[in-house]
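Trainee: Let me begin by handing over the structure; questions about it come next.
Residue numbers (our numbering), protein chains in the order written: chain R, 10 to 396; chain A, 18 to 334; chain D, 189 to 479.
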């Protein structure tokens, strides 16, 4: 059993693997069911996005089904976990398209994972509605790619308008070293001059760093009048604690990446007075009755919290909106992807959780300024600031 | 002979499979096999550990990506550039690094991997930073585009077969024997007149070559790369492939890469329990088959054959 | 000057954490010659258990402290009994992969138990920062530094002064000879695992109040701790402390005088330089050959 035996063994193994792989795929839209694919970072470092997104997609699908589905057909979700890994995302998307035969894909949760499957979506001509924030996803516009998360550009603009109104001219920025922070940093630097703001010091921190006082010291020595921190939990909560520890008497702005109740819990009393832009979801109760999105928001919050027994964040809304947008486009399409894509592009004035969507051939994000409001954390609660 | 069988098996598999998902999966398995093969030459045969192998994978991928996406080079021109750069860096790194041994070598290579990762992320003008680099063209031969699943599959597995042939030749040559001598005892090898330093550097360069080749293929087949793909976890995953498959076994690289790539796909059904099961599987394999899958399964096979053989001989006696 | 002092404080805070984790690595290496890649997971378990016991169940601080250490030590013992000892022909790299598997397993279990979100805990004592020449330092940082020094001193006397400590070292030097002399080598290995896991838990307990704890915090911390242990010289307790502090301070100065985004790169570059000049680490006795 030397060379020959080994080779036999290897061949047998290879065959076995081949057999395991080539289980014939479930073909197409079986029967009267529309299959929708979901790819989210359900576990891994970005699970704070992917987990509520997965839950919200399931919620939206159940809601639509309970109202009789679309054109009399039920919806069915096939959801895979990407763990935030581009390679796994490519595999998952391939599986959704060729094995599960889905009609459209919702997700992924992150900019890099979305960029990784855009070539595939374009090649296979399958509508892709991403839940990631990066501006590179929809600019330049790709025919089959849409997205429901707000661009970082909008978030930065909302913050800068607030800073400008306060008469602040010099700011320091502190961004997390990942795609989210990088995109934020890009926008913060690019838009500053438009608002007459100077970025006097730009620093970064690792997503898992335990202490940011060194960065803040460097920022402090440049004497900014405000600090903008761009990251996702838990890093910004550490920043908030460090700012309090170092007794920096300047306003601290955070990004929409921390817009969840978790942030207040983590930062504790250091969260007091922090300003940030967020989707209206966190302040739904404080919205005027005239706001057309108030009912959508309240419905979503109520359903989500009832079903999953956890506080709602703005992130799940990306997938929830994506599903409802898709549902609107799917009506009357009879499962034709081309028709769905065309219908998506024509959607106007759709009131969603994240904002009001107005898609057009030039704009596949479709969100306007109403996607964000500035809030301040007061007494451990979000307080909407009147624009 | 084995390689011919292997090549035929690949040819048949390529004809028999139709689902793009399976092609994609097999393509990734092929790329991982190249990575594991390179590291196996270094770890299994020369006995030098590397915890930063993803760096060469990344150097290969980013070199070709930058040259083709930013400077409009043809991928076939970018290929030698990427390979040359990776091998050159490997040479420069190996010179001081291979002075170290054991855990210290592990630490050194880990540090090198981290530095490369940080540089890739920070040099965002060219690399696209954390968001990743888009617009890498697919491979083409003349007018034929190699972007379909089947074409990718053949390109990758063709490369794997070539890699296997080269490595097998090497292992069974004078160089291979010298390598094994280093693995067993560096001092003894030195005493026998083997230029251990030079040989170790050469193997390091060979493994960097294979990793860069894998990076080149990954970049052009996925058309997108981001730093995450080349981080510390990837380095660890490559080491795991080598050890699980079986050190000092060329076919072990194939087996290890296959298992580590397929495992997450199979474990999808466990959803939140996936990590627990994955960790358990790794531990159980290593506890019961510490020699790796190839050697371990062979042992089990031989033992069962002996057990089956024993009663018949006693009956005769 | 004020800036420099603040960088130093920041570096010492991080560095002391790295030092505790490095001590865990060193402790185990000294008695078994093994590097445990699940060390970071012990830190994570320590931090999360502490938060649950102290903030969740509202036990008193010392009780929560002891219970956490005991609990994590038990996890270490289970790991040794079930996984490490079962391997028939232990090759160091095989043991490494087993500990990597264990780290993934523990992370998965923690994710199921504590969820995917981060948690935070209040500080041990009053939380107003001290001010020294314009630079601020949290009392928690002093706690960390103090406990690190206590541990390393205790460890020093344990290995030099007690019979058990000497026996443990004897096992590491030559297991068979130690066994012939009547030292129960298996018990010693078990003890080493329990102690190093407990040490990891202490690290976690110390970090919990100054930072955020989540199921996936272990890997980064384990990596940094590993670097610190190598930097100081594997097997040397004082080396681990020195390595940890050095790594922390280098990182903070890297932020201050170069760029914060490059800080990991800078820290590792210096580390490679040190390894190049002194391959056995700063206080390491000799280059150790494994594999």
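Glycine included, every Cβ here is placed at the ideal spot set by N, Cα and C.
Note that the structure is a prediction, hence the values are computed from the model and not measured.
Provide the residue(s) that pair with residue 142 of chain A in DSSP beta bridges, ordered along the chain.
Mentor: Locating residue 142 of chain A in the second chain gives position 125, where the first residue counts as 1. Answer is none; residue 142 of chain A lacks a bridge partner.
Trainee: Shortest alpha-carbon distance to residue 135 of chain A belongs to which of A/113, A/247, A/232?
Mentor: On the second chain, residue 135 of chain A is found 118 positions in, with the first residue counted as 1. Answer by Cα proximity: A/247.
Trainee: If you count every other CB in all the chains shown that lies within 10 Å of the CB of residue 446 of chain D, and 16 or more means buried, which is it?
Mentor: Translated into the one-based positions of the third chain, residue 446 of chain D becomes position 258. The residue is exposed, with fewer than 16 neighbouring Cβ atoms inside 10 Å.
Trainee: What residue range is occupied by the uninterrupted alpha helix (DSSP H) comprising residue 151 of chain R?
Mentor: Stepping through the first chain from its first residue, residue 151 of chain R is reached at position 142. Careful: residue 151 of chain R lies outside any alpha helix (DSSP H) and carries neither H nor E.
Trainee: In the region 297-374 of chain D, which residue ranges form an unbroken alpha helix (DSSP H) of at least 4 residues, counting only runs that do not cross its ends?
Mentor: 327-349, 351-361, 363-368
Trainee: Can you tell me which of the three DSSP states residue 35 of chain R falls into?
Mentor: Translated into the one-based positions of the first chain, residue 35 of chain R becomes position 26. Bear in mind that a pLDDT of 45 at residue 35 of chain R, under 50, signals an unreliable position, so the number given afterwards is only what the model happens to contain. For residue 35 of chain R, the secondary structure class from DSSP, reduced to helix, strand or coil, is coil.
Trainee: Compare the C-alpha of residue 263 of chain A against each of A/254, A/255, A/273 and name the closest.
Mentor: Numbered from its first residue, the second chain carries residue 263 of chain A at position 246. Nearest C-alpha to residue 263 of chain A: A/273.
Trainee: Using a C-beta to C-beta distance shorter than 7 Å, which residues of chain R count as neighbours of residue 408 of chain D?
Mentor: For this step, residue 408 of chain D is matched to residue 220 along the third chain. Correct list: 217.
Trainee: Check whether the Cβ of residue 11 of chain A lies closer than 9 Å to any Cβ atom in chain R.
Mentor: Past the boundaries of the shown model lies residue 11 of chain A; chain A is included only from 18 to 334, so the question cannot be answered.
Trainee: Quick one: list the residues of chain A neighbouring residue 99 of chain R, beta-carbon separation under 9 Å, in chain order.
Mentor: For the purposes of this step, residue 99 of chain R is taken as the residue at position 90 of the first chain. Near residue 99 of chain R (Cβ distances below 9 Å), the residues of chain A are 41, 45, 239, 241.
Trainee: For residue 190 of chain R, tell me which candidate among R/212, R/175, R/206 has the shortest Cα-Cα distance.
Mentor: Here residue 190 of chain R is taken as the residue at index 181 of the first chain, counted from 1. Among R/212, R/175, R/206, the Cα nearest to that of residue 190 of chain R belongs to R/212.
Trainee: Give, in chain order, every unbroken run of the alpha helix (DSSP H) that is at least 4 residues long and sits entirely within the region 53-121 of chain R.
Mentor: 56-75, 95-103
Trainee: Would you check if there are 3 or more beta carbon pairs closer than 8 Å linking the region 243-260 of chain R to the region 114-133 of chain R?
Mentor: In short, these stretches do not touch, since the Cβ pair count stays below three.
Trainee: For residue 415 of chain D, which beta-bridge partners are listed by DSSP?
Mentor: Working through the third chain from its first residue, we reach residue 415 of chain D at position 227. According to DSSP, residue 415 of chain D bridges with nothing at all.
Trainee: Specify the secondary structure class of residue 372 of chain R as computed by DSSP and reduced to three states.
Mentor: Translated into the one-based positions of the first chain, residue 372 of chain R becomes position 363. Strand.
Trainee: Taking C-beta pairs closer than 7 Å, name the residues in chain A that residue 456 of chain D reaches, listed in chain order.
Mentor: Here the question's residue 456 of chain D lines up with position 268 in the third chain. Neighbours of residue 456 of chain D on chain A, chain order: 128, 131, 132.
Trainee: Of all the options D/240, D/333, D/321, which has the alpha carbon lying nearest to the alpha carbon of residue 309 of chain D?
Mentor: Counting from 1 along the third chain, the entry for residue 309 of chain D is found at position 121. It is D/240.
Trainee: Going along the region 281-296 of chain A in order, which residues come within less than 9 Å of chain R, judged by CB to CB distance?
Mentor: 281, 282, 283, 285, 288, 289, 291, 292
Trainee: What's the C-alpha gap between residue 239 of chain A and residue 99 of chain R?
Mentor: By 1-based counting over the second chain, the position of residue 239 of chain A is 222. By 1-based counting over the first chain, the position of residue 99 of chain R is 90. Taking the straight line from one Cα to the other gives about 8 Å.
Trainee: Taking only beta carbons into account, state which residues of the region 104-117 of chain A come closer than 7 Å to chain D, listed in chain order.
Mentor: 113, 116, 117
Trainee: On the three-state DSSP scale, how would you describe residue 226 of chain D?
Mentor: As a first step, residue 226 of chain D must be located in the third chain, where it is residue number 38. Residue 226 of chain D falls in the coil class under three-state DSSP.
Trainee: Just curious, the alpha helix (DSSP H) that residue 183 of chain R is in, first and last residue?
Mentor: Within the first chain, residue 183 of chain R is the residue found at index 174, counting from 1. It is not in any alpha helix (DSSP H) - residue 183 of chain R instead sits in the beta strand (DSSP E) that spans 179-185.
Trainee: Is the region 174-193 of chain R in contact with the region 228-244 of chain R, if contact means three or more CB pairs nearer than 8 Å?
Mentor: yes
Trainee: Once the 5 residues before and after residue 88 of chain R are set aside, which same chain residues still bring their CB inside 8 Å of it?
Mentor: Mapped onto the first chain, residue 88 of chain R falls at position 79. Excluding residues within five positions, the ones whose Cβ falls inside 8 Å are 46, 47, 48, 49, 51, 63, 66, 67.
Trainee: What is the residue span of the beta strand (DSSP E) that residue 140 of chain R lies within?
Mentor: Along the first chain, one-based indexing puts residue 140 of chain R at 131. Unbroken run through residue 140 of chain R: none, as it is neither H nor E.
Trainee: Within 9 Å (strictly less), CB to CB, does residue 295 of chain D reach chain A?
Mentor: Working through the third chain from its first residue, we reach residue 295 of chain D at position 107. Judged by the 9 Å Cβ criterion, residue 295 of chain D is in contact with chain A.
Trainee: Give the secondary structure of residue 157 of chain A by DSSP, where H, G and I count as helix, E and B as strand, and everything else as coil.
Mentor: Here residue 157 of chain A refers to the residue found at position 140 of the second chain. Three-state result, residue 157 of chain A: strand.
Trainee: In the DSSP assignment, find the alpha helix (DSSP H) that holds residue 386 of chain R and state where it starts and stops.
Mentor: Here residue 386 of chain R refers to the residue found at position 377 when the first chain is read from its first residue. Looking at the DSSP string, residue 386 of chain R is not in any alpha helix (DSSP H); the run it does join, the beta strand (DSSP E), is 382-387.
Trainee: Quickly, what does DSSP pair residue 391 of chain R with across the bridge? List them, please.
Mentor: Reading the first chain from its first residue, position 382 is the one you call residue 391 of chain R. In the DSSP output, where bridge partners are listed per residue, residue 391 of chain R has R/386.
Trainee: Taking the alpha carbon of residue 252 of chain A as the reference point, which residue from A/50, A/71, A/46 has its own alpha carbon closest?
Mentor: For the purposes of this step, residue 252 of chain A is taken as the residue at position 235 of the second chain. The shortest C-alpha separation from residue 252 of chain A is found at A/71.
Trainee: Just verifying my parser: in three-state terms, what is the DSSP assignment at residue 207 of chain R?
Mentor: If you number the first chain from 1, residue 207 of chain R lands on position 198. Strand.
Trainee: Quick check on residue 239 of chain R: does DSSP put it in helix, strand or coil?
Mentor: What you label residue 239 of chain R is simply residue 230 of the first chain in a count that begins at 1. Strand, per DSSP.
Trainee: Please identify, using Cβ separations under 8 Å, the residues of the region 191-222 of chain D that lie next to chain R, in order along the chain.
Mentor: 191, 194, 195, 197, 198, 199, 201, 202, 205
Trainee: Identify which residue in A/254, A/291, A/267 has its Cα closest to the Cα of residue 277 of chain A.
Mentor: Indexing the second chain from 1 puts residue 277 of chain A at position 260. Answer by Cα proximity: A/254.
Trainee: What is the DSSP secondary structure of residue 36 of chain A, counted as helix, strand or coil?
Mentor: Here residue 36 of chain A is taken as the residue at index 19 of the second chain, counted from 1. Coil at residue 36 of chain A, not helix or strand.
Trainee: Give me the Cβ distance between residue 214 of chain D and residue 428 of chain D, rounded to the nearest whole Å; I'm assuming they're in contact under 8 Å.
Mentor: For the purposes of this step, residue 214 of chain D is identified with residue 26 of the third chain, where counting begins at 1. For the purposes of this step, residue 428 of chain D is identified with residue 240 of the third chain, where counting begins at 1. Going by Cβ atoms, the distance from residue 214 of chain D to residue 428 of chain D rounds to 4 Å, so yes, they are a contact pair.
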